[in-house]
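> Sharing a structure here in structure tokens format.
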Amino acid sequence: MYKIAVAGTGYVGLVAGVCFAEVGHQVNCVDIDEKKVDMMKSGVSPIYEAGLKELMLKNYTAGRIDYTMDYQSAYKDADAIFIGVGTPEQPDGSANLSYIATVARQIAESVEKDCLVVVKSTVPVGTNDKVEQFIQDFLINDVRVEVASNPEFLAQGSAVHDTLHAERIIIGTESKWAEELLQDIYKPFNLPIVSVNRRSAEMIKYASNDFLALKISYMNDIANLCELVGADIQDVAKGMSFDERIGSKFLNAGIGFGGSCFPKDTKALDYLAKQNGYELKTIQAAINVNKEQKTMLYKKASRRLITFNGLKVAVLGLTFKPGTDDLREAASLENIPLLLEQGADIYAFDPVGAANFAKVHPEGCHRKGSITYVSNVEEAIKDANVCFIFTEWGEVKEVKPSMYKDLMRTPLVYDGRNIYSIDEMGQAQVEYHSIGRKTVERQNMKEPNERELQSIRS
Ligand code: NAD
732 MYKIAVAGTG YVGLVAGVCF AEVGHQVNCV DIDEKKVDMM KSGVSPIYEA
782 GLKELMLKNY TAGRIDYTMD YQSAYKDADA IFIGVGTPEQ PDGSANLSYI
832 ATVARQIAES VEKDCLVVVK STVPVGTNDK VEQFIQDFLI NDVRVEVASN
882 PEFLAQGSAV HDTLHAERII IGTESKWAEE LLQDIYKPFN LPIVSVNRRS
932 AEMIKYASND FLALKISYMN DIANLCELVG ADIQDVAKGM SFDERIGSKF
982 LNAGIGFGGS CFPKDTKALD YLAKQNGYEL KTIQAAINVN KEQKTMLYKK
1032 ASRRLITFNG LKVAVLGLTF KPGTDDLREA ASLENIPLLL EQGADIYAFD
1082 PVGAANFAKV HPEGCHRKGS ITYVSNVEEA IKDANVCFIF TEWGEVKEVK
1132 PSMYKDLMRT PLVYDGRNIY SIDEMGQAQV EYHSIGRKTV ERQNMKEPNE
1182 RELQSIRS
């Protein structure tokens, strides 16, 4: 059993801390956000992740995990301090390392015994060398502090499972002491460990994330071509998936990748390459394709409709993917402002992300349009003129095609996640636009009602 401190209780830090406690370590989680710390102490998880709340409660009750803002007491006698603070994108695309620097300084001023600092945050290659130097420069006590890289590969929505059953744990160290200590900490997980040097570990994280981002953008690019030449991207993906060299995952076309990692990690690697005098053309292409893809459906719908002004627009799904309350870089954040600016009256449904979205776009009237948050799909699509599907939540996938026909004013659906079969939507007489597949054309639409006639006249 080791005494572990974790800096940052976001998706990475909190899940890591809870899982370390679950396998028997003594964990103290540090955050600067008082509200978060109070919530966690009272057994409430500040983020939504399946299974997290239960493990927090179990390990807190067992006395294996605690939460604090007092970093000094947490860091001073820890065997290892894991850093999981954010490294967000800066305007030039580079990673903002200021949160890492703050924690490094706090560690240097607190540690009273030898300890290993383990960076879980995604940081550009070479950062951990600097973090180690930075800590040495500010150390107050005469103790040994080394820095190791241990990038995180969890996916939001399945973070706890991904941590307890990780496909591999990457550890990047520069000494036998650091390597053995980190291997020992991870021993109870009984998972494959790949031990490399620090810079290779840092690069493995970016190379992995950017490869996945590239795979998504590649499929989206092919999907757009499929639409033009009459092929079906889902059939194409199915055919490709049998080839083991390609693999069957990450072949789904859609409205682009979002979330806190792929967008910033592609830009950060591109920035790092440029700094080193190299053009990463493949990654630049992935970034550009994704930018276009995010508003693909909005552009299609804008061509199809004369105006969004005065139309009831149903939006199903706000988060960047199902299973999380995270909105970072979600397609909804790009499309909803465009719709509001065009005067749309938006009725949005998301089973967990609505409260977070309302912080950015409060319920009520906006300059031209309005936004209302509803608690189920039916309320969103009832009498709607058009519906956008941005996130494939189970609650959305359960909606039968006939419901769009029965409830909407005009059964016109733009699906960014290819949830429905073309044939079923056709049989239900829904006009259906998706990604990389043929459009199910307009069928027996209802006449415009008085509200629509008025908005057209105005
Ligand atoms: P997050 O923004 O959800 O959480 C960061 C937390 O750090 C916040 O709670 C913040 O209050 C806290 N913090 C900031 N400064 C602090 C300090 N000095 N001391 C203690 N706490 C402090 O971030 P996240 O999504 O968990 O990502 C963290 C890192 O992990 C990033 O580098 C990210 O790229 C990487 N990563 C994220 C994921 C993911 O799915 N979210 C997956 C793999 C890797």
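For the sequence shown, the working numbering begins at 732 and goes up steadily by one. A virtual CB, placed ideally from N, CA and C, is assigned to each residue, including glycine. For clarity, every value in this text was computed on a predicted model and none was experimentally measured.
At 4 residues or longer, and completely inside the segment 891–925: list those alpha helix (DSSP H) runs for me, N to C.
Complete alpha helix (DSSP H) runs here, min 4: 907–917.
> Decide yes or no for the touch test of the segment 947–957 against the segment 1013–1026: beta carbon pairs closer than 8 angstroms, at least 3 of them.
A contact exists between the segment 947–957 and the segment 1013–1026.
> Does the distance between the C-beta of tyrosine 802 and the nearest non-hydrogen atom of the ligand NAD fall short of 7 angstroms?
Counted from its first residue, the sequence shown places residue 802 at position 71. True, at least one ligand heavy atom lies under 7 angstroms from that Cβ.
> Taking 7 angstroms as the cut-off, is the CB of isoleucine 763 close to at least one heavy atom of the ligand NAD?
Along the sequence shown, read from residue 1 onward, the residue named residue 763 stands at position 32. Result yes, Cβ under 7 angstroms from the ligand NAD.
> Buried or exposed: where does methionine 787 fall if 16 or more other Cβ atoms within 10 Å of its Cβ makes it buried?
Position 56 of the sequence shown, counted from the start, is the residue given in the question as residue 787. Result: buried.
> Determine the closest residue to glutamine 1160 out of Arg1173, Ile901, Ala897, Val1044, with distance taken between C-alpha atoms.
Counted from its first residue, the sequence shown places residue 1160 at position 429. Nearest of Arg1173, Ile901, Ala897, Val1044 to glutamine 1160, Cα basis: Arg1173.
> Check each candidate in Leu1071, Gly824, Thr858, Asn881 and name the one with the smallest Cα separation from leucine 847.
By 1-based counting over the sequence shown, the position of residue 847 is 116. When only C-alpha atoms are compared, the closest one is Asn881.
> Phenylalanine 1051 by DSSP, collapsed to three states: which one?
Reading the sequence shown from its first residue, position 320 is the one you call residue 1051. DSSP places phenylalanine 1051 in coil when its eight states are reduced to three.
> Apart from the five residues on each side of it in sequence, which residues of its chain come closer than 8 angstroms, Cβ to Cβ, to valine 1091?
Along the sequence shown, one-based indexing puts residue 1091 at 360. Correct list, in chain order: Leu1058, Leu1064.
> Could you tell me the alpha carbon to alpha carbon distance between asparagine 1116 and lysine 1043, rounded to whole angstroms?
Start at 1 with the first residue of the sequence shown, and residue 1116 comes out as number 385. Start at 1 with the first residue of the sequence shown, and residue 1043 comes out as number 312. Taking the straight line joining both Cα atoms gives about 5 angstroms.
> If you check the beta carbons only, do isoleucine 812 and alanine 738 fall under 8 angstroms apart?
As a first step, residue 812 is located in the sequence shown; it is residue number 81 there, counting from the start. As a first step, residue 738 is located in the sequence shown; it is residue number 7 there, counting from the start. A contact, by the Cβ cut-off of 8 angstroms.
> Got a sec, what are the start and stop residues for the beta strand (DSSP E) glutamine 757 sits in?
Counted from its first residue, the sequence shown places residue 757 at position 26. Where glutamine 757 is concerned, the enclosing beta strand (DSSP E) stretches over 757–761.
> How should phenylalanine 1121 be labelled, buried or exposed, when 16 other C-beta atoms within 10 angstroms of its C-beta is the threshold for buried?
Numbered from 1 along the sequence shown, position 390 holds the residue referred to as residue 1121. Phenylalanine 1121 comes out buried.
> Under DSSP, the alpha helix (DSSP H) around valine 1127 begins and ends at which residues?
Position 396 of the sequence shown, counted from the first residue, corresponds to residue 1127. Its alpha helix (DSSP H) spans residues 1125–1128.
> Hey, which unbroken runs of the alpha helix (DSSP H) at 4 residues or more fall wholly within the segment 976–1029?
Listed in chain order, the complete alpha helix (DSSP H) runs (minimum 4 residues) inside the segment 976–1029 are 993–1006, 1012–1025.
> Using 8 angstroms as the threshold, is the segment 1070–1084 in touch with the segment 1026–1044, meaning 3 or more CB pairs across them?
A contact exists between the segment 1070–1084 and the segment 1026–1044.
> Between which two residues does the beta strand (DSSP E) containing phenylalanine 813 stretch?
If you number the sequence shown from 1, residue 813 lands on position 82. Note, phenylalanine 813: beta strand (DSSP E), 811–814.
> Regarding valine 775 and the ligand NAD, is the C-beta to nearest heavy atom distance less than 7 angstroms?
If you number the sequence shown from 1, residue 775 lands on position 44. Incorrect: valine 775 has no Cβ contact closer than 7 angstroms to the ligand NAD.
> Tell me which residues share the same chain as glycine 774 and place their Cβ nearer than 6 angstroms to its Cβ, disregarding the 5 neighbours each side in the sequence.
What you label residue 774 is simply residue 43 of the sequence shown in a count that begins at 1. Only Leu788 meet the Cβ criterion.
> Rounded to the nearest angstrom, how far is the Cβ of glycine 903 from that of asparagine 1149, given a contact under 8 angstroms?
Here residue 903 is taken as the residue at index 172 of the sequence shown, counted from 1. Here residue 1149 is taken as the residue at index 418 of the sequence shown, counted from 1. The pair is not a contact, with the Cβ atoms about 38 angstroms apart (cut-off 8 angstroms).
> Using the Cα positions of threonine 1055 and glycine 741, report the straight-line distance between them to the nearest angstrom.
Position 324 of the sequence shown, counted from the start, is the residue given in the question as residue 1055. Position 10 of the sequence shown, counted from the start, is the residue given in the question as residue 741. Each residue's alpha carbon lies about 12 angstroms from the other.
> Report the partner residues of isoleucine 796 according to the DSSP bridge assignment.
Numbered from 1 along the sequence shown, position 65 holds the residue referred to as residue 796. Per DSSP, Val758.
> If we require 3 or more residues per run, which beta strand (DSSP E) segments fall completely within the segment 1132–1167?
Counting only runs of 3 or more, we get 1143–1146, 1162–1164.
> How far does the beta strand (DSSP E) with glutamate 877 in it extend, from its first residue to its last?
Counting from one through the sequence shown, the residue named residue 877 turns up at place 146. That run of the beta strand (DSSP E) goes 876–880.
> Tell me whether threonine 1170, by its Cβ, gets closer than 7 angstroms to a heavy atom of the ligand NAD.
By one-based count along the sequence shown, residue 1170 stands at place 439. Answer for threonine 1170: no, Cβ out of range of the ligand NAD.
> Within a Cβ cutoff of 6 angstroms, which residues of the same chain sit near tyrosine 830, ignoring the five residues on either side of it in sequence?
As a first step, residue 830 must be located in the sequence shown, where it is residue number 99. Same-chain partners within the cutoff: Val816, Gly817.
> Which partner residues does cysteine 1096 have in the DSSP bridge list?
As a first step, residue 1096 must be located in the sequence shown, where it is residue number 365. The partner list for cysteine 1096 (beta bridge, DSSP) reads Ser1101.
> At a cut-off of 7 angstroms, is valine 743 close to the ligand NAD when judged by its beta-carbon and the heavy atoms of the ligand?
The sequence position of residue 743 within the sequence shown is 12, counting from 1. Yes.
> Given that a residue counts as buried once 16 or more other Cβ atoms are within 10 Å of its Cβ, and exposed if not, what is glutamate 910?
Sequence index remark: in the sequence shown, residue 910 carries index 179 (1-based). Buried is the call here.
> Please report the straight-line C-alpha distance between phenylalanine 1080 and arginine 976, rounded to a whole angstrom.
Taking the sequence shown and counting its residues from 1, the one referred to as residue 1080 is at position 349. Taking the sequence shown and counting its residues from 1, the one referred to as residue 976 is at position 245. About 39 angstroms.
> For cysteine 992, which residues in the same chain have their Cβ closer than 8 angstroms to its Cβ, ignoring the five residues on either side in sequence?
Along the sequence shown, one-based indexing puts residue 992 at 261. Result list for cysteine 992: Thr853, Asn940, in chain order.
> The alpha helix (DSSP H) spanning valine 850 covers which residue range?
Stepping through the sequence shown from its first residue, residue 850 is reached at position 119. Where valine 850 is concerned, there is no enclosing alpha helix (DSSP H), although the beta strand (DSSP E) it sits in stretches over 846–850.
> Does DSSP classify tyrosine 779 as helix, strand or coil?
Working through the sequence shown from its first residue, we reach residue 779 at position 48. Residue state, collapsed to three classes: coil.
> Might you give, ordered along the chain, the residues of its own chain that have their beta carbon closer than 7 angstroms to the beta carbon of valine 1130, omitting 5 neighbours on each side?
Translated into positions along the sequence shown, residue 1130 becomes position 399. The residues are Val1108.
> May I ask you to list the residues that DSSP assigns as paired with tyrosine 1078?
Within the sequence shown, residue 1078 is the residue found at index 347, counting from 1. DSSP, once it has assigned bridges, lists Ala1045, Thr1103 as partnering tyrosine 1078.
> Taking 7 angstroms as the cut-off, is the C-beta of valine 1136 nearer than that to any heavy atom in the ligand NAD?
Here residue 1136 refers to the residue found at position 405 of the sequence shown. For the record, residue 1136 in the displayed sequence is lysine; it is not valine. The answer is no for lysine 1136.
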